[in-house]
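Chains as they are written, first to last, in numbering that gives the first Met the number 0: chain A, 0 to 221; chain B, 0 to 405. Positions of the beta carbon are idealized from the N, C-alpha and C atoms, including for glycine. If you're wondering where the values come from, they're calculated on a predicted model, not measured in any experiment. For reference, the structure is listed below as structure tokens.
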Amino acid sequence: MVTLEEISKNYYLGSTVVNAVSDISITVNDGEFMALVGPSGSGKSTLLNIIGCIEKPTSGRITLDGTDVTDVPTDRLADIRARRIGYIFQTFNLLPVLTVSENVEYPLHLQGVDKAERRRRVEKVLHEVGLERFSTHKPAELSGGQRQRVAIARALVGSPSMILADEPTANLDHKTGMDILTKMKELNQRLGITFIFSTHDQKIMSIADRIVELRDGRLSNN
Amino acid sequence: MFLRLALRNVFRNRVRSLITLAAIAFGSTSLIIAGGFIEDTFIQLRESYIHSFLGHLQIYKKGFYEKGGARPFDYMMTDHEEITREIYSVEGVRQVTPRLEFSGLLSTGETTISFIGQGVDPEGERQISSFVQLDKGENLASGDKYHVILGKGLAHGIMADVGDPVILVANTMGGSINGLDVVVKGIFFTSSKAYDDRALRVPIKTAQRLLRTDEIQSLVVLLDDTAKTDLVKERLERIFEERGHDLEIIPWYEMADFYNKTVDLYKRQFFVLKLIIGIIVVLSIFNTMNMSVLERIGEVGTIMAIGTRRSGVVRLFLLEGIILGFFGGILGLVGGYVLASIISYIGIPMPPPPGATIYWTAAIRIVPGVFAFSFALALVTALFSSVYPAYKACRLEIAEALRHNV
Ligand SMILES: Nc1ncnc2c1ncn2[C@@H]1O[C@H](COP(=O)(O)OP(=O)(O)O)[C@@H](O)[C@H]1O
Ligand SMILES: [Mg+2]
């Protein structure tokens, strides 16, 4: 469960202040499949980064599974990200020098999982996304849809309680995007992992159980 | 995992990495060549001094080395035959030979000039005077009694040639004046022109006759290996103390002033060279590492977002630097070894050192210490120049860095 209380984030560009998100209070329950929608610049990425402990809010408090993480030091935050949260990016963000299975294995190294267990879990999640045949390929040899599946496997492998996806379909054609969302939804239903994703695609957002709309950094309905 | 990632990152941009490796390798190869050349110069210079007149150790009556210059006859050795036997009993001693130094006037009847003379045992001197080169005539031999060999400059000064009769005039030990007719048997030169201008050599028996004495001044000891100098010196000191001899032992390096100054100068120059090479390596790796951080801001953002700590990012970039240093260093060692062997095979013709007359051939020595140093330098400078890029990478704002992914 994630709880945001009166979260604001300001950016300072010289003397001007940009209110990327303002005064957001929201609770996301375990197992939700939630879409964050809104036009470009409305604050979706900023909010996802705050929920994902990548950025700290300017004011307000954030609680993850009952733990207040607002003022946690950098290294502890990194550990929380490594153990509890999975990330999927618009641009896939696989490491180009590593193979598919090495990319998927990476978070397990951060968690300190031993070798045999790492191999077992990498195999399992690659099977889950249907890419076991591509385990020794480099990301550059894969299509966009396949790369995003590798990213899903990487987000999934560490058994997080929550996976965040910032516009996961924006760099994919519509059909591939729907496949990716369907896969995420299936994992959400089967494994009970919370998913929060952002999109501005009407059809994509219709798969969500809950839609939260942002406008100029504020919640517009809920 | 970090190692694998670092290795692949290093070699993802082949051309740039190869250029960087070449710069590092060039650096350590030049160090090896320069260091090996300097070492060779040291050794050749050292051996030249030892074999031309110094020997490894010189043994005097205590006090001679400091005060003997003014009153040499106050510090003569009487029981030198017994001492010689004792010295020969020490392992590593190859040759012991007596010397008697004196000064006087050399005359042809028409011209008279002052000289510094050495009374030597022609047989014993053969290996300690290997750099006393005969220019004309012949060297002294063990049977010679009334013969002299003259330094080239001295011979020139009195216009004497081989076969000419000359007169040696000197103060005897008793204080009177004595003269001796001798024949010029040869003319020699050494690596010191200044010495050749004043020096002559006679058999030690001849010198003793001239000075009316049967004592000597010094015993020169030649060892089978220069590295044993200190060891043999200590042994001899112990023996002399046990036997109650009042002697002092001067090792070659205390006498070879020019050698010490040369070593000092070369070492300083070598230090500057090390510094320059270090800077070249630092700059080239720094540039590479800096560019690779700039190119990989998005990737750094990604690995930090999925939970890599800042220390992990630092480790990754330092590791990449070390890998560059390691492979560059290895390349440098191999390059240095091969190049050193080739150059040594061909040989470097060298002009005579200042004040000397002999041309010599330098080589590049394979010095393990220099190899270790240049490899360490490659590693350390590589590590050092990765510090700032690594720091920069780990300080990136994650959200900002993620925006570099396109
Ligand atoms: N690092 C930053 N510095 C300044 N302004 C920023 C920064 N990050 C985001 N913003 C601004 O905050 C607002 C919200 O941005 P963002 O969260 O990226 O929106 P979205 O993801 O919905 O497009 C935008 O006006 C954007 O320009
Ligand atoms: Mg965005």
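Determine the closest residue to residue i out of the options, with distance taken between C-alpha atoms.
{"i": "B/I347", "options": "B/I186, B/V89, B/F36", "result": "B/F36"}
{"i": "A/P72", "options": "A/E54, A/I87, A/A150, A/Q89", "result": "A/E54"}
{"i": "B/V89", "options": "B/R11, B/V231, B/V379", "result": "B/V231"}
{"i": "B/N12", "options": "B/A339, B/M288, B/T301", "result": "B/M288"}
{"i": "B/E488", "options": "B/E214, B/F25, B/M158", "result": "The structure shown has nothing for residue 488 of chain B, since chain B only spans 0 to 405."}
{"i": "A/G51", "options": "A/L94, A/Y86, A/T57", "result": "A/Y86"}
{"i": "B/S113", "options": "B/T107, B/G103, B/P121", "result": "B/G103"}
{"i": "B/H403", "options": "A/T98, A/Q89, A/G40, A/A34", "result": "A/Q89"}
{"i": "A/R119", "options": "A/V16, A/R189, A/T57, A/S100", "result": "A/S100"}
{"i": "A/G40", "options": "A/D208, A/T198, A/I206", "result": "A/T198"}
{"i": "B/E241", "options": "B/M254, B/E85, B/L99, B/I186", "result": "B/E85"}
{"i": "B/A381", "options": "B/K391, B/R364, B/G320", "result": "B/G320"}
{"i": "B/V333", "options": "B/L222, B/F374, B/G34, B/D78", "result": "B/F374"}
{"i": "B/L139", "options": "B/I157, B/I23, B/R200", "result": "B/R200"}
{"i": "A/L163", "options": "A/L109, A/G129, A/S44", "result": "A/S44"}
{"i": "A/T7", "options": "A/V17, A/T15, A/S14, A/I23", "result": "The sequence shown places Ser at residue 7 of chain A, not Thr. For the residues A/V17, A/T15, A/S14, A/I23, the minimum Cα distance to A/S7 belongs to A/I23."}
{"i": "B/P97", "options": "B/K192, B/E122, B/E109", "result": "B/E122"}
{"i": "B/I397", "options": "B/S310, B/A362, B/M303, B/R308", "result": "B/M303"}
{"i": "A/F133", "options": "A/D165, A/L97, A/L155", "result": "A/L97"}
{"i": "B/R406", "options": "B/A389, B/I275, B/D245", "result": "Beyond the ends of chain B as shown, which are 0 and 405, falls residue 406 of chain B; an answer cannot be given."}
{"i": "B/G91", "options": "B/T225, B/D143, B/G174", "result": "B/T225"}
{"i": "B/L153", "options": "B/D134, B/G142, B/K144", "result": "B/D134"}
{"i": "A/I237", "options": "A/V20, A/F32, A/E212", "result": "There is no way to answer for residue 237 of chain A, as the model of chain A reaches only from 0 to 221."}
{"i": "B/E294", "options": "B/L2, B/I32, B/V9", "result": "B/V9"}
{"i": "A/Q201", "options": "A/G176, A/V112, A/V124, A/A154", "result": "A/G176"}
Looking at residue i: is its Cβ nearer than 8 Å to the Cβ of residue j?
{"i": "A/I203", "j": "A/L180", "result": "yes"}
{"i": "B/K184", "j": "B/G243", "result": "no"}
{"i": "B/T19", "j": "B/S283", "result": "yes"}
{"i": "B/I305", "j": "B/L395", "result": "no"}
{"i": "B/G118", "j": "B/T189", "result": "no"}
{"i": "B/L218", "j": "B/I82", "result": "yes"}
{"i": "B/Q57", "j": "B/I249", "result": "yes"}
{"i": "B/S385", "j": "B/L317", "result": "yes"}
{"i": "A/G107", "j": "A/G157", "result": "Contrary to the premise, residue 107 of chain A reads as Leu rather than Gly in this sequence. Cβ distance < 8 Å, so A/L107 and A/G157 count as in contact."}
{"i": "A/A81", "j": "A/Q110", "result": "yes"}
{"i": "A/I25", "j": "A/L218", "result": "yes"}
{"i": "B/G26", "j": "B/F269", "result": "no"}
{"i": "B/V280", "j": "B/A22", "result": "yes"}
{"i": "B/D196", "j": "B/T107", "result": "no"}
{"i": "B/L44", "j": "B/I322", "result": "no"}
{"i": "A/K174", "j": "A/V128", "result": "no"}
{"i": "A/T193", "j": "A/V27", "result": "yes"}
{"i": "B/K273", "j": "B/L30", "result": "yes"}
{"i": "B/H155", "j": "B/V181", "result": "no"}
So does residue i have its beta carbon nearer than 7 Å to some heavy atom of ligand 1?
{"i": "A/A169", "result": "no"}
{"i": "A/Y10", "result": "yes"}
{"i": "A/A139", "result": "no"}
{"i": "B/S406", "result": "Because chain B spans 0 through 405 in this model, residue 406 of chain B falls outside it and cannot be assessed."}
{"i": "B/S291", "result": "no"}
{"i": "A/V17", "result": "yes"}
{"i": "A/S39", "result": "yes"}
{"i": "A/E212", "result": "no"}
{"i": "B/E294", "result": "no"}
{"i": "A/E116", "result": "no"}
{"i": "A/E127", "result": "no"}
State yes or no: is the C-beta of residue i nearer than 7 Å to some heavy atom of ligand 2?
{"i": "A/S44", "result": "yes"}
{"i": "A/D208", "result": "no"}
{"i": "A/D200", "result": "no"}
{"i": "A/E166", "result": "yes"}
I'd like to confirm the pairing. Which residues does DSSP put opposite residue i in its beta bridges?
{"i": "A/R209", "result": "A/M33"}
{"i": "A/Q201", "result": "DSSP, once it has assigned bridges, lists no residue as partnering A/Q201."}
{"i": "B/A169", "result": "B/N177"}
{"i": "A/V16", "result": "A/Y11"}
{"i": "B/L104", "result": "B/S113, B/V168"}
{"i": "B/G411", "result": "Residue 411 of chain B is absent from the structure shown; chain B starts at 0 and stops at 405."}
{"i": "B/G118", "result": "B/L99, B/V201"}
{"i": "B/Y59", "result": "B/E247"}
{"i": "B/M76", "result": "B/I215"}
{"i": "B/P348", "result": "B/T360"}
{"i": "B/L222", "result": "B/V92"}
{"i": "B/I276", "result": "In DSSP, B/I276 forms no bridge with anything."}
{"i": "A/L3", "result": "A/I25, A/I61"}
Given a limit of 9 Å on CB to CB distance, which residues of the segment 291-309 of chain B reach chain D? The structure shown contains no chain D; its protein chains are A and B.
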